[in-house]
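In terms of our numbering, the sequence shown opens at residue 2 and continues consecutively. Reviewing the structure listed below.
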Amino acid sequence: DPARLDIKHKNLKVFSGDVLDESSVEKSIKGKDAVLSALGAKSLKKTNVVSEGTKNIIEAMEKHKVKRLVFESAFGVGESRKNAGLLGIVDNIAIKNIFADKVRQEEYIKKSKLNWIIVRPAALTNGPKKGFYRTGEDIKIRFFASISRADVADFMLKQLYQDKYIRKSPTICY
């Protein structure tokens with residue numbers, strides 16, 4: 002929903018689309034250098050919006066030879082689950098449908114030939130950008146760990162020109 006985005010920038014083009022509509026996704030990707038995505042579900046009910054949307058994004062990227070994909074997932078999904086401890090158990094009960102869809106999403110990404118980076122943030126907040134945070138593939142985080150959406154965006158944007166995490170899945174938290 003473009004109306005929910007209240008920032009303006011000369012290099013930012015905002016348009017309305019549907020991630021489940023292949024032609025809409027293809028139109029948004031054609032001619033671009035990279036894709037950043039923070040797809041998420043609006044409900045705790047069983048869904049496939051994220052995984053099917055991801056599949057459409059990957060297909061359009063491969064068709065139009067767009068190589069870099071920076072994708073937001075969640076801490077506790079995939080390999081990060083082993084570091085989630087009690088938090089992982091709570092999340093897998095409370096938001097199991099969302100996590101199941103994110104697991105499928107990550108599988109599609111990892112099977113692709115793209116230069117992907119799957120970013121796994123701790124609990125998201127609406128706090129301000131601090132500009133400092135911890136990242137890594139195997140970092141331990143505490144039960145109430147969090148990260149602002151602004152700092153996740155900062156990290157994701159940096160991945161457009163950094164190669165440290167290509168085909169890797171870093172966690173991000175304070």
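Glycine residues also receive a C-beta, built at the ideal position from the N, C-alpha and C atoms.
Asked: Cβ separation of Asn57 and Leu21, assumed to be a contact under 8 Å, to the nearest whole Å; Found: 7 Å
Asked: Straight-line Cα distance separating Ala42 from Ala95; Found: With a pLDDT of 48 at Ala95, under the threshold of 50, the modelled position of this residue cannot be trusted; read the value that follows with caution. Cα to Cα, Ala95 sits roughly 14 Å from Ala42.
Asked: Neighbourhood of Glu53 by C-beta, 7 Å cutoff - its chain only, sequence neighbours within 5 removed; Found: Leu21
Asked: Ala39 to Phe144 span [Cα, whole Å]; Found: 23 Å
Asked: Leu115, DSSP secondary structure in three states; Found: coil
Asked: Backbone secondary structure at Glu53 - three-state DSSP; Found: helix
Asked: At least three beta-carbon pairs within less than 8 Å, the region 139–154 to the region 119–128; Found: yes
Asked: Exposure of Lys31, with buried meaning 16 or more beta-carbon neighbours within 10 Å; Found: exposed
Asked: With 16 other Cβ atoms within 10 Å as the buried cut-off, status of Pro129; Found: exposed
Asked: Status (buried if at least 16 other CB within 10 Å, exposed otherwise) for Lys103; Found: buried
Asked: Asn116 versus Lys169, Phe133 and Ala154, residue with shortest Cα-Cα distance; Found: Lys169
Asked: Residues bridged to Phe72 (per DSSP); Found: Ser38 and Ile119
Asked: CA nearest to the CA of Ser74, picked from Val67, Leu37 and Ala61; Found: Leu37
Asked: Boundaries of the beta strand (DSSP E) in which Ser125 is found, first to last residue; Found: First, the residue type needs correcting, since residue 125 is Leu and not Ser in the sequence shown. Where Leu125 is concerned, the enclosing beta strand (DSSP E) stretches over Ala124 to Thr126.
Asked: Alpha-carbon to alpha-carbon, Ser17 and Ser29; Found: 9 Å
Asked: Classification of Gly137 by the beta-carbon crowding that lies within 10 angstroms, buried from 16 upward; Found: exposed
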